[in-house]
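Per the numbering used here, the sequence shown runs over residues 127 to 554.
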Amino acid sequence: MNPIRIDNYCFDRIHLWIQYDRKSIGFIEVVIEVFYPASRNAEGLVMFSHGFLIGNDPFFYLKKITGAFTGDNPLFGINPSQYYNYTQAIVERNWAMAFVSASHLQFEGVPWLDFGGNPRVGQDAYSAASYLIKYGATDYFYTLDDQKRRSNKAFMEEIKKYRFMKPGCNNVIFAGHSVGGAHAQVAACGFETISKIGQQTGYTFDPVMYDREFLPRYSDRMSEWADEERANPVALLQFSPVDQQIPFFAPGMQAYREALSKKPVPILMIVGDCDCACLDSNTIQKPPAWSPDPSVTTQFSQLAPSGSSSWAVVANVERGSHCGYLTAESIVCSLADSESQCQRCKDKDPYKACGEESEFSAMLLKELIGSFPENCSCDPPFGGNFCDWLNSGCMKWLNKENPDGIVNMVSFPDGSYIDYSGKPNRCP
Numbered sequence: 127m128n129p130i131r132i133d134n135y136c137f138d139r140i141h142l143w144i145q146y147d148r149k150s151i152g153f154i155e156v157v158i159e160v161f162y163p164a165s166r167n168a169e170g171l172v173m174f175s176h177g178f179l180i181g182n183d184p185f186f187y188l189k190k191i192t193g194a195f196t197g198d199n200p201l202f203g204i205n206p207s208q209y210y211n212y213t214q215a216i217v218e219r220n221w222a223m224a225f226v227s228a229s230h231l232q233f234e235g236v237p238w239l240d241f242g243g244n245p246r247v248g249q250d251a252y253s254a255a256s257y258l259i260k261y262g263a264t265d266y267f268y269t270l271d272d273q274k275r276r277s278n279k280a281f282m283e284e285i286k287k288y289r290f291m292k293p294g295c296n297n298v299i300f301a302g303h304s305v306g307g308a309h310a311q312v313a314a315c316g317f318e319t320i321s322k323i324g325q326q327t328g329y330t331f332d333p334v335m336y337d338r339e340f341l342p343r344y345s346d347r348m349s350e351w352a353d354e355e356r357a358n359p360v361a362l363l364q365f366s367p368v369d370q371q372i373p374f375f376a377p378g379m380q381a382y383r384e385a386l387s388k389k390p391v392p393i394l395m396i397v398g399d400c401d402c403a404c405l406d407s408n409t410i411q412k413p414p415a416w417s418p419d420p421s422v423t424t425q426f427s428q429l430a431p432s433g434s435s436s437w438a439v440v441a442n443v444e445r446g447s448h449c450g451y452l453t454a455e456s457i458v459c460s461l462a463d464s465e466s467q468c469q470r471c472k473d474k475d476p477y478k479a480c481g482e483e484s485e486f487s488a489m490l491l492k493e494l495i496g497s498f499p500e501n502c503s504c505d506p507p508f509g510g511n512f513c514d515w516l517n518s519g520c521m522k523w524l525n526k527e528n529p530d531g532i533v534n535m536v537s538f539p540d541g542s543y544i545d546y547s548g549k550p551n552r553c554p
């Protein structure tokens, strides 16, 4: 498709194949939806990992075959940009925003989007973000020179017209909701850490991108890319993250959370006090995102161990649900908030999709983007330490009972509305 222009922004869709490592025989099919400034000088990129299933679609492969002729890939039908349409947050500071979906085979012959616990999906997000930085809004690959040889120089000259990031800018906020929130934890670790943990856990990561399934053209492996061509994680935003562990199948994200706890990167987790999907734990869904009991192991306690120098901060939305973040209703997501599934907040009215909680989510992302200097090449990108992050405009906006009059927050024992490791003596 050709890019669709909406005011000063363009919307485009990209179809790729990823091989996680040259030694791997497996390929994964991905599609990307991206909003970027028509001026093609974006100051940064928000890469959002959504929490949706493709579902057991008996016509998936038939749609794949017909889509080969029509260009309508069934993966585009997930359309996460509709359900997480926070684009109002990126316009003021001239950022771009993208969403990635991938077809992971969870059961033989049945296409599913990963339901959680698989680090590969976080690797998809990092790969997609880096692809957008290096190649821009295109699935065009290497071209041939006059002697019909594969020519990197000729290609890179051609590709410049597709790029939409400001020259030298590769700053990315990795964000996600539900299982996408846990997948974003992987992507926020950055290339070196993802590769290192992958080597240790059997999820090797030095991806190669392909433009098609048969007779493909392909990129160099990512380790050969220049540093400025790969995504530079500058923050992690998680809405009700859900992690899952299934032996031999989905190991979960603990190793990545432990790595993030040592990185000087702003990390923000938002939970809702009515959200069973992220606050409850069971045999598969563990650990929970957060708990008021400090003795309980949670995703947040792994991101911010006691006494650590972690930059992770958590906040709790009063009446917050699992689907309230969404900007459109989803039948799949609503199952997590159904009364038969969730026993929290029986005496309350949890937020529904496309309401106050989704408005809060967009405003929060806007405040987070606004915490970074306008010069995207600033090093370090945030321009400060943890105490500066704690005293940033974003944290001051969030640390209120009623940020911008949108939703109420649940207070912590000390009366504040944010919590972090080392409180209250860590910052003056």
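For each residue, glycine too, the CB sits at the ideal point set by N, CA and C. Keep in mind the model is a prediction, meaning the values are calculated, not measured.
Can you tell me where the beta strand (DSSP E) holding residue i begins and where it ends?
| i | result |
| --- | --- |
| Leu516 | Where Leu516 is concerned, there is no enclosing beta strand (DSSP E), although the alpha helix (DSSP H) it sits in stretches over Phe512 to Leu516. |
| Glu155 | Phe153 to Pro163 |
| Cys136 | Tyr135 to Gln145 |
| Ile132 | Ile130 to Ile132 |
Would you check if the distance between the CB atom of residue i and the CB atom of residue j is smaller than 8 Å?
| i | j | result |
| --- | --- | --- |
| Pro367 | Gln326 | no |
| Ser256 | Glu355 | yes |
| Lys215 | Leu171 | Checking the sequence, you will find Ala at residue 215 rather than Lys. Contact: no. |
| Met173 | Phe300 | yes |
Look at the alpha carbon of residue i and the alpha carbon of residue j, and state the distance between them as a whole number of angstroms.
| i | j | result |
| --- | --- | --- |
| Ile285 | Ala430 | 41 Å |
| Asn534 | Leu258 | 36 Å |
| Ile130 | Glu159 | 11 Å |
| Met335 | Lys472 | 48 Å |
| Ile191 | Met489 | 41 Å |
| Tyr329 | Pro418 | 33 Å |
| Phe290 | Ala263 | 7 Å |
| Asp346 | Met282 | 12 Å |
| Asp138 | Phe195 | 19 Å |
| Arg470 | Glu483 | 17 Å |
| Asn556 | Phe508 | This structure cannot settle anything about residue 556, because the visible part of the chain is limited to 127 through 554. |
| Gln145 | Glu339 | 11 Å |
| Ser432 | Thr423 | 11 Å |
| Val298 | Glu169 | 10 Å |
| Cys480 | Ser165 | 30 Å |
| Lys322 | Lys389 | 15 Å |
What residue range is occupied by the uninterrupted alpha helix (DSSP H) comprising residue i?
| i | result |
| --- | --- |
| Ile216 | Gln214 to Val217 |
| Met335 | Looking at the DSSP string, Met335 is not in any alpha helix (DSSP H); the run it does join, the beta strand (DSSP E), is Val334 to Tyr336. |
| Cys471 | Looking at the DSSP string, Cys471 is not in any alpha helix (DSSP H), and its letter there is neither H nor E. |
| Gly193 | Phe186 to Thr196 |
From the DSSP output, read off the bridge partner residues of residue i.
| i | result |
| --- | --- |
| Ala224 | Val160 and Met173 |
| Leu606 | Outside the displayed span of the chain (127 to 554) sits residue 606, for which this structure offers no information. |
| Asn442 | Val397 and Val536 |
| Asp545 | Val440 |
| Tyr477 | Paired residues: none, contrary to the question. |
| Ile372 | Ala376 |
| Gly344 | A quick correction: the sequence has Tyr, not Gly, at residue 344. In DSSP, Tyr344 forms a bridge with Tyr336. |
| Ala168 | Met291 |
Applying the criterion that 16 or more other CB atoms from any shown protein chain within 10 Å of the CB defines a buried residue, is residue i buried or exposed?
| i | result |
| --- | --- |
| Leu341 | exposed |
| Met395 | buried |
| Pro163 | buried |
| Tyr187 | exposed |
| Asn134 | exposed |
| Asn442 | buried |
| Ser421 | exposed |
At a Cβ threshold of 8 Å, is residue i touching chain C?
| i | result |
| --- | --- |
| Lys287 | Of the chains in the structure shown, none is chain C; there is only one protein chain. |
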